[in-house]
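Report on one structure; see the data block that follows.
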Amino acid sequence: MKLTHPILQSEAAECGLACLAMVTEAHGLRLGLTELRRRFSLSLKGMKLNQLILAAQRLGLQARPLRLELDELPQLATPCILHWDLSHFVVLVKAGARQVTIFDPASGQRLLDYPEVSLHFTGVALELSPTAEFTPQAAPPTVSVRQLAGPIAGLWRTLSQILILSVALQLFVVLTPFYMQWVIDHVLVTADHDLLVVLGLGFGLVLLIQVAIGVLRGWVVVYASSRLNLQWSENVFAHVLRLPMDFFEKRHLGDITSRMESVQTIQKTLTTSFVEAIIDGLMALVTLGLMLFYSWKLAGVTILAVALYLGIRWVAYRPVRRQTEQLLIAGAKQQSHLLESLRGMQSVKVATQETQRRATYENLLVDTINQEVRLARLGLWFSTASQLVFGIERIAVIWIGATLALNNAFSVGMLIAYLAYKDQFATRAGSLIDKWIEFRMLRLHGERLADIVLTPPESDERDINLPLPASTRLEVEHLSFRYAEGEPWVVKDCSFVIEDGESVAIIGASGCGKTTLVKLLLGLLTPTSGTIKIGGVDVRQRGPRHLRALMGAVMQDDQLFAGSIADNISFFDPACDQARIDLAAQQAAVDSEIAAMPMGYHSLIGDMGSILSGGQKQRIILARALYRQPKMLVLDEATSHLDVARERLVNEAVSRLALTKIIIAHRPETIASADRVLVMETGRIVQELRPQFSQPEAERISHDANG
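So this is what it looks like as structure tokens:
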């Protein structure tokens, strides 16, 4: 039972699941975090200890929770799970006399002194041991490049072109040492000027051809790299757009962007390093053959040096991988903090927290730079080791070669040529070893990118084949939802019907499940149980994209994008209809304010709508929903930032629309515009009110529902 490497969490709150993955792997059950995530869904609240115990038991492990003191850590059966910082889990790998080794899902392997452990350890541990039901399982197949990047047109043809040009280029490189040998052994010895001219012209022509092929190969590499990078990035981003909403809700933005940047690393390695590795391997074999032809004794010295360098890189692989992983994690945290600060700049300034945010960013930046320094230090150590090993090897080869020349076993030209081939072999072999380590390091980037590309996209069954239903009658039957097993129900056994063209308000206290219910209706969340039917057809038969094609929605967290107001209303429709844009803005009661702007609908706004008020943003987002000409309109607090007069204008405009309307609201003016009201409490529909009612009645209903 040996745990060799940490498994890092991808989601913000899955440390418990990552720890469980590490412990099960140590016992021989190599499911991986992706499979465990599929089996045990989590919410953003993470895993409690009792949920962790239940999950372990379902995997065939006996769980033994313990409360202990710090000095009792060496008595635990490792690997086991420790409760950390009151809100985190780590895996205890080894507890020695002075130091403790842990695998932290958030930061990787850590070696801590006991005083530092005491600052984090809460005194709770969980020992896990296999039961009779525990079944070991081999690791899943390694993720292929095709799975990571998707289908790439012309990949192998391009690599073949680069390979052929590279082989041709290296053939001329092999000929160069013969020029030195012939000049020394034939021209200088015999003073043959004519032969010198012939050799000079001949090898000059060889040089020109070599340069031409080198330039052509360089252009092919540049073209292929840019083309493949474009295709891979497009494929990955297209997959990201198809991922379910909970994927983004459970992750930090900086971590997602950091993982997507791994595409460039993989692309560069495969288009350049892959071909170079093949060439280095071929050239190493060719030059080794020539070296053995000249002298097996001298070749043995060089082979020994290469083997020693290979051993050094092999031993140091894990520290380099671990340090690279730490650098990627630190960089992702720094980027997340930066993006978070920029997006929330108004809140930072209002709270006068610039100094605190700067201090936190500086700490994260220092951590990133420290990781870079540690990685650079390892690189410097490799460079020094390489110089030392091959420097000693060169001294030994020249010594032995000179001895052979003095004994007339070698000519001077042969010694010069051999040294040239030896240098080529040592360079190629060392480069091949470095490329091999680079390919192994590529697995780290592959694992990070796999978290994105191997996440199943939203289901799109029969999206294209089924026509849109003529009726938008909405039937919800026994609908329930919770984020994870063991979590409280957010929506519980909801049943109601909304007729075609009806306007229904759903009200209730904050946190009662209204927004979650709307997300279920929009297909942004998958129901735990129950059914949703539109036009008599279960939405699961259509898929979420088909469902959303019917709907326009304004959610609480909706965003504007960088572009003009017209672009945002039409959602960057390349064939936008200005008449529809005008009508949508008029229905959202924002047309007069847009017209008053100097550039009107062509006024530019940032991705956070910085030139607009909160109410203007809401109404432009409402206009965006109306531009789609939906059959159903879902409004989640869509007028919360408006004054009473403008809210009345919007409500009157929306009420005149001949479509089904579902309105989440707290304010009496909006409630009064509905045909019917559903009252929600603790995830259930507890009351239904109809028909139209007066403003005072709406105020009373709103007050009662909101507590």
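Residue numbers for the sequence shown follow numbering that gives the first Met the number 0, beginning at 0 and rising by one.
Glycine included, each C-beta is placed from N, C-alpha and C at the ideal position.
In this structure, T454 lies near L242, with their beta-carbon atoms less than 9 Å apart. Here the alpha carbon of G412 sits roughly 13 Å from the alpha carbon of I397. The region 93-100 makes contact with the region 108-127: 3 or more CB pairs, one atom from each, lie closer than 8 Å. F571 sits in coil when the DSSP states are folded into three classes, being neither helix nor strand. For the pair of segments examined, the region 533-540 was found not to touch the region 563-573: the number of CB pairs separated by less than 8 Å stays below three.
By the CB criterion at 9 Å, L448 and I265 fall inside the cutoff. Within a 10 Å sphere around the beta-carbon of M598 sit fewer than 16 other beta-carbons, which makes this residue exposed.
When secondary structure is reduced to three states using DSSP, I497 falls in the strand class. The beta strand (DSSP E) runs of length 3 or more contained entirely in the region 534-610 are, from start to end of the chain, 550-553. Counting only runs that start and end inside the region 485-530, the beta strand (DSSP E) elements of at least 3 residues fall at 490-497, 502-506.
Counting only runs of at least 4 residues, the region 297-370 fully encloses the following alpha helix (DSSP H) elements, listed from N- to C-terminal order: 316-342, 344-349. Excluding sequence positions up to five before and after T367, its CB lies within less than 6 Å of the CB of A329, G330, Q333, all in the same chain and listed in chain order. L603 has its alpha-carbon roughly 42 Å from the corresponding atom of L441. Judged by beta-carbon spacing, L297 lies within the 9 Å limit of Y417, meaning their Cβ atoms are closer than that value.
A384 is positioned such that its CB atom lies no closer than 9 Å to that of I302.
Per DSSP, the continuous beta strand (DSSP E) segment holding M679 begins and ends at 675-680. For L546 and V553, the gap between their C-alpha atoms comes out near 16 Å. Rounded to the nearest whole angstrom, the CA to CA distance from V235 to L91 is 36 Å. The region 626-646 and the region 550-565 touch, with three or more beta-carbon pairs separated by less than 8 Å. Around the CB of Y482, 16 or more other CB atoms lie within 10 Å, so the residue is classed as buried. Between S257 and L327, the C-beta spacing is below 9 Å. The beta carbon of V490 sits closer than 7 Å to those of L478, S479, F480, G512, T515, L516, L519, G682, all from its chain and outside the five residues before and after it, given in chain order. Cβ-Cβ distances below 6 Å link V496 to E474 in the same chain, with the five nearest sequence neighbours on each side left out; the list follows chain order.
The C-alpha of I278 lies about 10 Å from the C-alpha of V285. Exposed is the label assigned to K1, since fewer than 16 other Cβ atoms lie within 10 Å of its Cβ. Secondary-structure assignment with DSSP links P64 through a beta bridge to L125.
Shown here for F389: same chain residues with a beta carbon closer than 8 Å to its own, the five before and five after excluded, namely A304, Y308, A425, G429 in chain order.
Within a 10 Å sphere around the beta-carbon of D642 sit fewer than 16 other beta-carbons, which makes this residue exposed. A Cβ-Cβ separation of about 10 Å leaves L656 out of contact with K630 under the 8 Å criterion. Annotated as distal: V649 and L632, with beta-carbon spacing of 9 Å or more. Taking C-beta separations shorter than 6 Å and ignoring five residues to either side along the sequence, the partners of S528 in its chain run S479, following chain order.
Annotated three-state conformation of R250 is coil, per DSSP. In the three-state reduction of the DSSP assignment, G199 falls in the helix class. For L473, the enclosing beta strand (DSSP E) begins and ends at 473-480. For M631, the uninterrupted beta strand (DSSP E) run begins and ends at 631-635, by DSSP. Judged by beta-carbon spacing, L443 lies within the 9 Å limit of R320, meaning their Cβ atoms are closer than that value.
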